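In the working numbering, the protein residues as written are 208 to 394. We put the beta carbon where it would ideally sit given N, CA and C, even for glycine. This structure is a prediction, so every number in the text was calculated from the model and none was measured. Working notes, beginning with the structure itself.
Put into structure tokens, the structure is as follows:
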């Protein structure tokens, strides 16, 4: 009996981007010919399913993305969730949770790419929120920072402080401008 699904091994390859199932099956089967097996019998290469479109048409047992041929389900954070500069809105958090649950219900690992990485505190804030919500794969450009555990959780506090400082500066500037105009009017 052939075991279906993902079995962790020393090396598991996940093809992302524009790699489609027919190309993956053809390439893998060519490489397995010497063992008299096909992609459907054995493979250590999997697809990256579209996290933002996990509709049933892509997840049938006969064709399309499923837990037999896919490992991750991923999407662009910027395109799918959008900007969270002032924190996640209720709609963004609901969409995030729905996508994560949808991937997990299909035995896929949810993952987001295209996560903003500047400023670092903003990036850290997003990664922390994704981990809290149950994301399984993180896009990390600064590996050293993550390995060292240098994650800053004070992003929203910083945003509030920047807004308060900006309001203060506008008020002070307005008062100085007003005083300058009064002095000029007296002359």
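When DSSP states are grouped into helix, strand and coil, residue 341 belongs to the coil group. One Cα belongs to residue 321, the other to residue 338, and the distance between them is close to 16 Å. When DSSP reads this structure, residue 279 sits in a beta bridge with 255, 316. Counting along the chain, residue 284 sits inside the alpha helix (DSSP H) bounded by residues 284-287. Proximity to residue 221 across 261, 313, 276 peaks at 276, based on C-alpha coordinates. Between residue 281 and residue 318, the CB-CB gap stays under 9 Å. Secondary structure of residue 322 (DSSP, three-state): coil.
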